[in-house]
Amino acid sequence: MHLDSLLVDIDASGGIPPVDRWAPERAGEMDLLIAADGRWIHEGGVIGRPRLVRLLSTILRREDDGSHWLVTPVEKQRIQVEDLAFIAVDAERDDRGDWHVVTNLGDRVRLDATHRLSVTATPRDEWVPEVPVRFGLTARLGRNLFYRLIEQAEERADEQGVPWLGLTSGGAWHPLGRLDGAAP
């Protein structure tokens, strides 16, 4: 499958199309992998054009069964994702004290009750926070950002009395990790 034929029906203006509402009947499989380190690999070669990767990311969604699809109004192509589709690479705090996370592909997400950090296992069995972004897709906190946020974290015990480090943002508690280092 060539990327050009998939993108012919997509507006390259930079917005996020409503892929959650598209239900094309034509489906296939594409030799495209999103590596755990954020690289997009098509037919064995890394896609080196950031604008193309960004454009492809705007038509990506994750289904309830965990599968990932590039979706257009007329077709969808299943792809593979090693860990999560995005990496959270930066964050900033606004005047109200809420945190806004930025992904490697330019998505900006305010941490709140809808976009809440949760600590999950990576394919290497490391427990690292992730945050929902859009259309079932999530972003894993990159190592540098994780350590930056840990410096700002506060301690809080959960219902079982287990101490956690985390942040408050958007009226919700966002865990970064257990203080005892155990898996959640």
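Each residue of the sequence shown is one higher than the one before, counting from 1 in full-length UniProt numbering.
Here a beta-carbon is modelled for each residue, glycine too, at the ideal position from N, C-alpha and C.
Helix, strand or coil, according to DSSP, for Met1 in the structure here? Bear in mind that a pLDDT of 49 at Met1, under 50, signals an unreliable position, so the number given afterwards is only what the model happens to contain. Of the three classes helix, strand and coil, the one that applies to Met1 here is coil, per DSSP.
Starting from the N-terminal side, write out each stretch of the beta strand (DSSP E) that is 3 residues or longer and does not extend beyond the UniProt domain "DUF1285" (17-83). 26-34, 40-42, 60-62, 68-71 and 75-81
Which residues does DSSP list as the beta-bridge partners of Phe86? Ala139
Distance between beta carbons of Arg116 and Ala172, contact taken as under 8 Å: 5 Å
Give me the Cα-Cα distance between Arg62 and Glu130, rounded to the nearest whole angstrom. 15 Å
Extent of the continuous beta strand (DSSP E) to which His174 belongs: Ala172 to Arg178
Note down, in chain order, each residue of its chain lying with its Cβ closer than 8 Å to the Cβ of Pro24, except the 5 sequence neighbours on either side. Val71, Thr72, Pro73, Val74, Glu75 and Lys76
Using the rule of at least 16 other Cβ atoms within 10 Å of the residue's Cβ for burial, across every protein chain shown, is Gly44 buried or exposed? exposed
Taking 8 Å as the cut-off, does the segment 82-89 touch the segment 158-167 (at least 3 CB pairs, one atom from each stretch)? no
Any chance you could list the beta strand (DSSP E) runs of at least 3 consecutive residues sitting entirely within the segment 96-137, in chain order? 99-103, 108-110, 118-121 and 127-134
Please state the DSSP three-state secondary structure of Glu151. helix
Kindly indicate which residue of Ser67, Gly48, Ala36 and Leu60 has the alpha-carbon position closest to the one of Val133. Leu60
Among Thr120, Val102, Pro17 and Trp40, which one has its Cα closest to the Cα of residue 190? Only positions 1 to 184 of the chain appear in the structure, and residue 190 is not among them; the question remains open.
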